[in-house]
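Colleague: So for the sequence shown, our numbering puts the first residue at 29; every next one is plus one. One structure is given below, represented as structure tokens, and several questions about it will come after.
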Amino acid sequence: MGMTQKISVFGTGYLGATHAAGMAELGHEVIGVDIDPAKIDLLSQGKVPFFEPGLPELIVKHVNSGALRFTTDPAEAAEFAGVHFIAVGTPQKRGSYSADMQFVDGLIETLAPMLTRPAVILGKSTVPVGTAARLAARVRELAPVGDDAQLGWNPEFLREGFAVEDTLNPDRLVVGVEKDRPGRVEAVAREVYATILARDTPFIVTDLATAELVKGSANAFLATKISFINAIAEICEATGADVVQLADALGHDDRIGRKFLGAGLGFGGGCLPKDIRAFQARAGELGLGKSLAFLSEVDAVNLRRRSHVVEMATRAVGGSLPGTTIAVLGAAFKPDSDDVRDSPALDVAGELHLGGATVRVYDPQAMRNAAVVQPTLTYADSVEDACRDADLVVVATEWQEFRKADPVALARVVAHPRVIDGRNCLPTQAWVDAGWSYSGMGRHAS
Ligand code: UDX
Numbered sequence: 029m030g031m032t033q034k035i036s037v038f039g040t041g042y043l044g045a046t047h048a049a050g051m052a053e054l055g056h057e058v059i060g061v062d063i064d065p066a067k068i069d070l071l072s073q074g075k076v077p078f079f080e081p082g083l084p085e086l087i088v089k090h091v092n093s094g095a096l097r098f099t100t101d102p103a104e105a106a107e108f109a110g111v112h113f114i115a116v117g118t119p120q121k122r123g124s125y126s127a128d129m130q131f132v133d134g135l136i137e138t139l140a141p142m143l144t145r146p147a148v149i150l151g152k153s154t155v156p157v158g159t160a161a162r163l164a165a166r167v168r169e170l171a172p173v174g175d176d177a178q179l180g181w182n183p184e185f186l187r188e189g190f191a192v193e194d195t196l197n198p199d200r201l202v203v204g205v206e207k208d209r210p211g212r213v214e215a216v217a218r219e220v221y222a223t224i225l226a227r228d229t230p231f232i233v234t235d236l237a238t239a240e241l242v243k244g245s246a247n248a249f250l251a252t253k254i255s256f257i258n259a260i261a262e263i264c265e266a267t268g269a270d271v272v273q274l275a276d277a278l279g280h281d282d283r284i285g286r287k288f289l290g291a292g293l294g295f296g297g298g299c300l301p302k303d304i305r306a307f308q309a310r311a312g313e314l315g316l317g318k319s320l321a322f323l324s325e326v327d328a329v330n331l332r333r334r335s336h337v338v339e340m341a342t343r344a345v346g347g348s349l350p351g352t353t354i355a356v357l358g359a360a361f362k363p364d365s366d367d368v369r370d371s372p373a374l375d376v377a378g379e380l381h382l383g384g385a386t387v388r389v390y391d392p393q394a395m396r397n398a399a400v401v402q403p404t405l406t407y408a409d410s411v412e413d414a415c416r417d418a419d420l421v422v423v424a425t426e427w428q429e430f431r432k433a434d435p436v437a438l439a440r441v442v443a444h445p446r447v448i449d450g451r452n453c454l455p456t457q458a459w460v461d462a463g464w465s466y467s468g469m470g471r472h473a474s
């Protein structure tokens, strides 16, 4: 295995906190840095400010072993580490589709002037193509060591809910380097990831722009695949076809594959929606708006799923929402996460509430975050609580707890046994046998 490296990770959100813990697990000495003292406080006590399976255990393990610590002081990290990871956010800019680069840029302006010894900076944040080349030049300009401060791009592909697994066992590692300035970036990345590379994980070294684009393209492809099946679901709905059987049949073609062909409420979260918009915005800046124009359609199909479910719900309760009670099961944008950023589930709950329904939301993990975004909804303590006296149940996030819920018991607590399965995740026959009128997505009602 490789040598122990001294590593800093700037940004301790989903990406940074997981990466910091993962690097400690790979045998390195790690310091996590964030400007938010509350986050640093929690993490230092081994507590994680969001829900991510397996992460608290990993952080506790390495905080206790001394391999992992946290600070708000960038100077401490600059002094300690020779490898610095950028894991700060690149959210959607207010009033625009482009990525807000203030956190990445701000970090470089702070860190680079502190680099008095040779150092390698590896960017992980999702950024518009061209950013890394600009930052590499800026680092050289600002760092006291000059050319010995080198920057590469090492995009991250982790999924929420599988963040630890994806960090320790990635499908591939991609590292972008400045091709016209051979430096230490590739060698340092090989040292950092030695344990993973020893398992023959594909390691792809590219120029900076390619590395940035791999990430943008991966997310654009995944979003397109989901919207593709959701567009087909619209056709299925109009023609009486069944999108689930159709997706199964498509999926047997290994050029297509069954993954990400789950028709339903569509994609949300902190990545796919903003990343496809930023990717498109960047193409526009490059004068290549047409190349990624299809992503507007991908976005539009995706958002249409949410209004479609609101319409289905309105029809199911007799055409008018005021005076009805609707249980919405799920608030997180996907299961095994407490993330409600751009969540289809919470959007639907909010729209039904705006339409005049009494909406009762239950989510196993995301209710605290949901209540911040949608404080006027009612939050229930359990599936059963949410469903009590409901005229309609909408399953909006495919948590295991909902898949396994007992349709017979639930039929007894609701006012009307009607369910909209917004994620095609329920065992249809069992619900129908229990007396429910069932509507899935892209399939005819039963
Ligand atoms: C995604 C990418 O997968 C990851 O590689 C990248 O680094 C960040 O963005 P994540 O946001 O954690 O990760 O979620 P993911 O599991 O990809 O799901 C995205 C959304 O698509 C979720 O809202 C999910 O419910 C939805 N989805 C997924 C579908 O609607 N149908 C599917 O078949 C699959």
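Cβ coordinates follow ideal geometry from the N, Cα and C atoms, glycine included.
Could you tell me the alpha carbon to alpha carbon distance between Gly279 and Ile260, rounded to whole angstroms?
Modeller: So the two alpha carbons sit approximately 14 Å from each other.
Colleague: Might you give, ordered along the chain, the residues of its own chain that have their beta carbon closer than 6 Å to the beta carbon of Arg333, omitting 5 neighbours on each side?
Modeller: Counting only Cβ-Cβ distances below 6 Å, and skipping sequence neighbours, we find Asn258, Leu293 and Gly294.
Colleague: Determine, using beta carbons only, whether Val76 and Ile59 come nearer to each other than 9 Å.
Modeller: It is not a contact, given that the beta carbons lie outside the stated cut-off.
Colleague: Is it true that the CB of Lys302 sits closer than 9 Å to the CB of Ala8?
Modeller: Outside the shown range of the chain (29 to 474) lies residue 8, about which nothing can therefore be said.
Colleague: In this structure, how does DSSP classify Gln178 when only helix, strand and coil are distinguished?
Modeller: Here Gln178 sits in strand by DSSP.
Colleague: Among the residues of its own chain, which have a CB less than 7 Å from the CB of Met31, if the five just before and after it don't count?
Modeller: So the list reads Glu219, once near-sequence residues are dropped.
Colleague: In the DSSP assignment, what residue or residues form a beta bridge with Tyr221?
Modeller: Per DSSP, none; premise fails for Tyr221.
Colleague: Note down, one range per segment and in chain order, each alpha helix (DSSP H) of at least 4 residues found wholly within the segment 189-220.
Modeller: As far as the segment 189-220 is concerned, its whole alpha helix (DSSP H) runs of at least 4 residues are 191-196 and 213-220.
Colleague: Can you tell me where the alpha helix (DSSP H) holding Ile257 begins and where it ends?
Modeller: Per DSSP, Ile257 belongs to the alpha helix (DSSP H) from Leu236 to Thr267.
Colleague: Give the range of the alpha helix (DSSP H) segment to which Leu54 is assigned.
Modeller: Careful: Leu54 lies outside any alpha helix (DSSP H) and carries neither H nor E.
Colleague: Judging by CA-CA distance, which residue of Gly351, Val345, Ala248 and Leu43 is the nearest neighbour of Ala306?
Modeller: Minimum Cα distance to Ala306 is reached at Ala248.
Colleague: Could you tell me the boundaries of the beta strand (DSSP E) in which Glu356 lies?
Modeller: Reading off the sequence shown, one finds Val at residue 356, where the question assumed Glu. Start and end: Thr353 to Leu357.
Colleague: Return yes when the C-beta of Leu382 is under 8 Å from any heavy atom of the ligand UDX, and no when it is not.
Modeller: No - the ligand UDX has no heavy atom lying nearer than 8 Å to the Cβ of Leu382.
Colleague: Taking DSSP as the reference, what is the three-state secondary structure of Tyr42?
Modeller: If DSSP states are grouped into helix, strand and coil, Tyr42 belongs with the helices.
Colleague: By how many angstroms is the C-alpha of Ser467 removed from the C-alpha of Ala359?
Modeller: Distance between the alpha carbons of Ala359 and Ser467: 19 Å.
Colleague: Ignoring anything shorter than 4 residues, give me the alpha helix (DSSP H) runs that lie fully in the segment 414-451, in order along the chain.
Modeller: DSSP runs (the alpha helix (DSSP H)) wholly in the segment 414-451: 428-431 and 435-441.
Colleague: For a quick check, are the C-beta atoms of Val202 and Asn182 less than 9 Å apart?
Modeller: Cβ distance < 9 Å, so Val202 and Asn182 count as in contact.
Colleague: Within the segment 370-411, note down every full beta strand (DSSP E) run reaching 3 residues or more, in order along the chain.
Modeller: Here the runs fully enclosed are 386-390.
Colleague: Tell me whether the beta-carbon of Gly537 lies closer than 9 Å to the beta-carbon of Gly39.
Modeller: In the structure as shown, the chain starts at 29 and stops at 474, and residue 537 therefore has no counterpart that could be examined.
Colleague: Regarding Arg451 and the ligand COA, is the C-beta to nearest heavy atom distance less than 8 Å?
Modeller: In terms of ligand content, the structure shown lacks the ligand COA and carries the ligand UDX instead.
Colleague: Compute every distance between the C-beta of Asp303 and the non-hydrogen atoms of the ligand UDX, then say whether any falls below 8 Å.
Modeller: Result yes, Cβ under 8 Å from the ligand UDX.
Colleague: Residues in the same chain with beta-carbon distance under 6 Å from Ile35, minus the five sequence neighbours each way, listed in chain order, please.
Modeller: Met51, His56, Val58, Ala109 and Val111, listed in sequence order.
Colleague: If you draw a straight line from the C-alpha of Gly397 to the C-alpha of Asp176, how long is it?
Modeller: Position check: residue 397 holds Asn in this sequence, whereas Gly was assumed. Straight-line Cα distance between these residues: approximately 43 Å.
Colleague: Would you mind working out which of Leu300, Gly298, Leu320 and Cys299 sits nearest Gln308, comparing C-alpha positions?
Modeller: It is Leu320.
Colleague: Do Lys121 and Gly44 count as a contact pair if the criterion is CB distance below 9 Å?
Modeller: No, Cβ-Cβ distance for Gly44 and Lys121 is not below 9 Å.
Colleague: Pop quiz: Arg471 and Cys299 are said to be a contact at Cβ under 8 Å. What is the actual Cβ separation, rounded to whole angstroms?
Modeller: No, Arg471 and Cys299 are not in contact; Cβ-Cβ is about 28 Å, not under 8 Å.
Colleague: Check whether the segment 336-355 and the segment 416-434 touch, using three or more Cβ-Cβ pairs below 8 Å as the test.
Modeller: Because the criterion of three Cβ pairs below 8 Å is met, the segment 336-355 and the segment 416-434 touch.
Colleague: Just the Cα atoms here: how many angstroms apart are Arg168 and Asp133?
Modeller: Whole-angstrom Cα-Cα distance: 14 Å.
Colleague: I'd like to confirm something about Arg187: is its beta-carbon nearer than 8 Å to some heavy atom of the ligand UDX, or not?
Modeller: Arg187: yes, Cβ under 8 Å from the ligand UDX.
Colleague: DSSP beta-bridge partners for Thr99?
Modeller: BP columns for Thr99 point to Val61.
Colleague: Determine whether the beta carbon atoms of Ala239 and Gly204 lie at a separation below 9 Å.
Modeller: Yes.
Colleague: Relative to the C-alpha of Glu325, which residue among Arg310, Ile304 and Ala373 is closest?
Modeller: If we check each option's Cα against that of Glu325, Ile304 comes out closest.
Colleague: Name the two residues that bound the continuous beta strand (DSSP E) containing Ser479.
Modeller: With the chain covering 29 to 474 only, the question about residue 479 has no answer from this structure.
Colleague: Is the beta carbon of Ala473 closer than 9 Å to that of Arg451?
Modeller: The answer is no: Cβ separation not under 9 Å.
Colleague: Just grab the DSSP bridge partners of Ala127 for me.
Modeller: According to DSSP, which records beta bridges pairwise, Ala127 is partnered with Gln120.
Colleague: Roughly how many whole angstroms lie between the Cα atoms of Ala437 and Arg286?
Modeller: One C-alpha to the other measures close to 33 Å.
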